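*Asks:* I have a structure I would like to understand better, so I am pasting it below and will then ask my questions one at a time.
Residue numbers (our numbering), protein chains in the order written: chain A, 1 to 274; chain B, 275 to 564.
Below, the structure written as structure tokens:
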């Protein structure tokens, strides 16, 4: 009897959970479905069954050169992430393995730079970029994305490095390892998972950053965020084509995101929730 | 001796990050501060003069300023309320044993990975559009007049879109916290005859307090700077109905070419963000040190 009620309640909860999940996921699903419709179909009332045309995907590429902003997104997100890691790995390393009284303050200060409203420095950055010829360049946007994500990268790495036990270093030292050997043979293998998680999360954040990328790019360096935003006017792409462009813009990061659920919680809460 | 070496090495290793962030903070902020006291318009760059507090006065006496502050507040509080309450509810739901839990989780967290312009355009064109959107289709099915969401309820529409984007984040974090709740405690409470509501109030909610604090802190940081969602849907309108502070400064600076005015607005935004950050950090610090 008791057994039966649990199965029943499991079914009830399953139905509720699936309904909620599908409602939340619906806008994405509907955009994907619309991308396989023809333009007249797209505005012809509610329908979950498209005629299955791939034409929109082809048109987006041939008429709007979709590949260019896509490559810009790839270059900017990966480039800025690697650059941020180069800056952050030594810093996080030092804070985790040689903490001083001020380490906590430095970390808090870094976090506080994230709280500075981006719009407050919009004009200086715009003017600096203009004067240095960095507007609408990939290098300019890469620097920008590196700086805005650097605090998160340092924090994330710090929370991972802190969990590497210090005793293992002492043991290695006892066995006669010098600093270099310590880093290469002992610490690096233990740090790689944390670095990989940080890399993954930061690529997602950089890919979706939609303030600076829109403000500081026009055509040459414009990533997908700016590309899609330029279709906000009704004269832009038609819906089926816009859906195709949107689907391609979110698909890679969506899949990456599904694999990084755990890291996401840890990374975005600065290790406060695990 | 060795510790002295380690300390120096540690400082050297931290230096690039600290210097980069310091430069990134100090130079643009001091430029903003400087510009905020200048009469400087990008359309007439030869006529730059000292303006004293004129820009601040201009910004402060602009009726749009208070509208924007109010809208910013409503936007942040509205999204926080929806995402925290919704996140707890969905978190509790996903914490139950259900079939296909992995897939349900993936579906629920997906909106978080959708870039803001795409999220906003999907909602604008396919969901909330007054004649072709799904909501209009549903309204017509029931014989009701479809609502023109962005014209009639612009700020509410933006809140819905932003809440949709952040609900997965809150859910994921609160679910993670729920899963770390001790099963034995739950069982003990059940044995003692505590019903669901009592277990939730006296056991689950206190356990979640830290996670809720973190969700509020992190979302607030991002929600104060909402920009792309407004840009591609309402463009701040009608009038200033959906203009938040970020968007108002953007309007002044980039669309009005008013460097001085935009900078004064920027400084005001920094001051406000600091006030918010102060209380948040204090609250969070209390909660995190536990």
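Backbone N, C-alpha and C define an ideal beta-carbon position, used for all residues, glycine too.
Bear in mind the structure is a predicted one, so any value in this text is a computation, not a measurement.
In whole angstroms, what is the alpha-carbon distance linking residue 290 (chain B) and residue 146 (chain A)?
*Replies:* 13 Å
*Asks:* For residue 190 (chain A) and chain B, any beta-carbon pair shorter than 7 Å?
*Replies:* no
*Asks:* Mind pulling the chain A residues with CB within less than 7 Å of residue 370 (chain B)?
*Replies:* 13
*Asks:* Please check the pair residue 429 (chain B) and residue 515 (chain B), which I expect to be a contact at CB under 8 Å, by giving their CB distance rounded to whole angstroms.
*Replies:* Contact between residue 429 (chain B) and residue 515 (chain B) holds: CB atoms are separated by about 6 Å, below the 8 Å threshold.
*Asks:* Report the rounded CA-to-CA distance for residue 36 (chain A) versus residue 125 (chain A), giving the unit in angstroms.
*Replies:* Taking the straight line joining both Cα atoms gives about 41 Å.
*Asks:* Helix, strand or coil: how does DSSP classify residue 99 (chain A) here?
*Replies:* coil
*Asks:* When burial is assigned at 16 or more other CB atoms within 10 Å of the CB, is residue 251 (chain A) buried or exposed?
*Replies:* Label assigned to residue 251 (chain A): exposed.
*Asks:* Strictly under 7 Å for the Cβ-Cβ distance: is residue 354 (chain B) near chain A by that measure?
*Replies:* no
*Asks:* If we count Cβ pairs, one from each stretch, closer than 8 Å, do we get three or more for the region 304-324 of chain B versus the region 446-464 of chain B?
*Replies:* no
*Asks:* Return no unless some Cβ of chain B is closer than 7 Å to the Cβ of residue 257 (chain A).
*Replies:* yes
*Asks:* Can you give the beta carbon distance from residue 403 (chain B) to residue 394 (chain B), rounded, assuming they're within the 8 Å contact cut?
*Replies:* So it is not a contact: roughly 13 Å between Cβ atoms.
*Asks:* Taking one C-beta from the region 528-547 of chain B and one from the region 259-266 of chain A each time, how about it: are there three or more such pairs within less than 8 Å?
*Replies:* no
*Asks:* For chain B, is any of its Cβ atoms less than 7 Å away from the one on residue 160 (chain A)?
*Replies:* By this cut-off, residue 160 (chain A) is not an interface position.
*Asks:* Going by the beta-carbon positions, is the gap between residue 536 (chain B) and residue 527 (chain B) smaller than 7 Å?
*Replies:* yes
*Asks:* Where do the ends of the alpha helix (DSSP H) carrying residue 128 (chain A) lie?
*Replies:* 122-131
*Asks:* How is residue 72 (chain A) classed by DSSP in three states: helix, strand or coil?
*Replies:* Assignment of residue 72 (chain A) by DSSP, reduced to helix, strand and coil, places it in the helix class.
*Asks:* Closer than 8 Å by C-beta to residue 332 (chain B): which residues in its own chain qualify, once you throw out the five before and the five after it? Chain order, please.
*Replies:* 535 and 538
*Asks:* Counting pairs of Cβ atoms below 8 Å between the region 351-362 of chain B and the region 436-451 of chain B, do you hit three or more?
*Replies:* yes
*Asks:* Which bits of chain A does residue 281 (chain B) rub up against, with CB to CB less than 8 Å?
*Replies:* 98 and 100
*Asks:* With a threshold of 7 Å between beta carbons, is residue 246 (chain A) in contact with chain B?
*Replies:* Yes - at least one Cβ of chain B is within 7 Å of the one on residue 246 (chain A).
*Asks:* Buried or exposed for residue 209 (chain A), please, with buried defined as at least 16 other CB atoms from any protein chain shown within 10 angstroms of its CB.
*Replies:* buried
*Asks:* Straight-line CA distance for residue 328 (chain B) to residue 334 (chain B)?
*Replies:* 10 Å
*Asks:* Alpha carbon to alpha carbon, what distance is there between residue 401 (chain B) and residue 46 (chain A)?
*Replies:* 10 Å
*Asks:* From residue 9 (chain A) to residue 367 (chain B), what distance separates their C-alpha atoms?
*Replies:* Each residue's Cα considered, the two are about 12 Å apart.
*Asks:* Got a sec: is the Cβ-Cβ distance from residue 87 (chain A) to anything in chain B below 7 Å?
*Replies:* yes
*Asks:* Expressed to the nearest angstrom, what Euclidean distance is found between the alpha-carbon atoms of residue 365 (chain B) and residue 27 (chain A)?
*Replies:* 21 Å
*Asks:* Using 10 angstroms around the beta-carbon of residue 226 (chain A), count the other beta-carbons present and answer buried if the total reaches 16, otherwise exposed.
*Replies:* buried
*Asks:* How many Å lie between residue 127 (chain A) and residue 345 (chain B) at the Cα?
*Replies:* 29 Å
*Asks:* With DSSP run on the structure shown, which of helix, strand or coil describes residue 312 (chain B)?
*Replies:* strand
*Asks:* Would you call the region 106-120 of chain A and the region 172-181 of chain A in contact, with 3 or more CB pairs under 8 Å?
*Replies:* no
*Asks:* Compare the C-beta of residue 35 (chain A) against all C-beta atoms of chain B and say whether one is closer than 7 Å.
*Replies:* no
*Asks:* Compare the C-beta of residue 400 (chain B) against all C-beta atoms of chain A and say whether one is closer than 7 Å.
*Replies:* yes
*Asks:* So what does DSSP say about residue 405 (chain B), is it helix, strand or coil?
*Replies:* If DSSP states are grouped into helix, strand and coil, residue 405 (chain B) belongs with coil.
*Asks:* Can you name the residues that DSSP bridges to residue 532 (chain B)?
*Replies:* Residue pairing of residue 532 (chain B) in beta bridges, as defined by DSSP: B:315.
*Asks:* Verify the CB distance criterion: does residue 3 (chain A) have a CB-CB separation below 7 Å to chain B?
*Replies:* Confidence at residue 3 (chain A) is low in this model, with a pLDDT of 48, below 50, so the placement of that residue should be treated as unreliable; the coordinate-derived value is given next. The C-beta of residue 3 (chain A) comes no closer than 7 Å to any C-beta of chain B.
*Asks:* For residue 67 (chain A), go through chain B and note every residue whose CB falls closer than 7 Å to its CB, in chain order.
*Replies:* What residue 67 (chain A) touches in chain B: nothing, since even the nearest Cβ is about 17 Å away.
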